[in-house]
Amino acid sequence: MPIVTATRRLRFNAAHRIHNPALSDAENTRLFGKCNNPNWHGHNYTLEVSVTGEVDSITGYVMDLGQLRGIVEREVIDQMDHRNLNLEVEILRGINPTAENIVVACWNAIAPHVAPATLSKLRLWETENNYVEYAGH
Ligand code: NI
């Protein structure tokens, strides 16, 4: 059977502060600038979730993308949307919420739930100009 990758795009918005508590305030300001603002700032995030697998002979799908949407909403979006990523999100507890760290946390939450397809890539847009990608390694 052919192996195909299918992608679902989901959006959420959230507040955060880029801050490493192991560093001094001065060092945080030097490294992170405006992103270290103690009173938070927000982003409109876009998460692109790609799954790869055989095309099912009955459905013609790698995976029903409505089902994938439901999984991603349940595992990550519902936790993060309209939340403060530093304070309120279980999958980010103790994690400095850079786009890099968010995408890895999303991977760990989503990957166990997409079988028999496999999660092959996450792309997280933090701004129109910046995105990060993670493929599980
Ligand atoms: Ni930011």
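The numbering of the sequence shown is our numbering, which starts it at 3 and goes up by one. All C-beta atoms, glycine included, are put in the ideal place defined by N, C-alpha and C. All values reported here derive from a predicted model rather than from experimental measurement.
Going by C-alpha distance, which of the options is nearest residue i?
i: Ala113; options: Ser26, Leu70, Met82, Val6; result: Leu70
i: Glu90; options: Arg19, Glu56, Thr129; result: Arg19
i: Ser59; options: Val6, Phe34, His84; result: Val6
i: Asn98; options: Glu92, His139, Asn88; result: Asn88
i: Met3; options: Gly62, Val74, Asn22; result: Gly62
i: Ile93; options: Val78, Gly35, Phe34, Cys37; result: Val78
Might you give, ordered along the chain, the residues of its own chain that have their beta carbon closer than 6 Å to the beta carbon of residue i, omitting 5 neighbours on each side?
i: Arg13; result: Thr48
Can you look up residue i in the DSSP assignment and give me helix, strand or coil?
i: Glu50; result: strand
i: Thr129; result: coil
i: Asn38; result: helix
Should residue i go down as buried or exposed, given a rule of 16 or more other Cβ atoms within 10 Å for buried?
i: Trp42; result: exposed
i: His84; result: exposed
i: Leu124; result: buried
i: Ala28; result: exposed
Within its chain, find whatever has a CB closer than 7 Å to the CB of residue i; leave out the 5 residues flanking it on each side and keep chain order.
i: His45; result: Asn15, Ala16, Glu128, Thr129
query: Using 8 Å as the Cβ pair cut-off and three pairs as the minimum, do the stretch 119 to 128 and the stretch 46 to 63 touch?
result: yes
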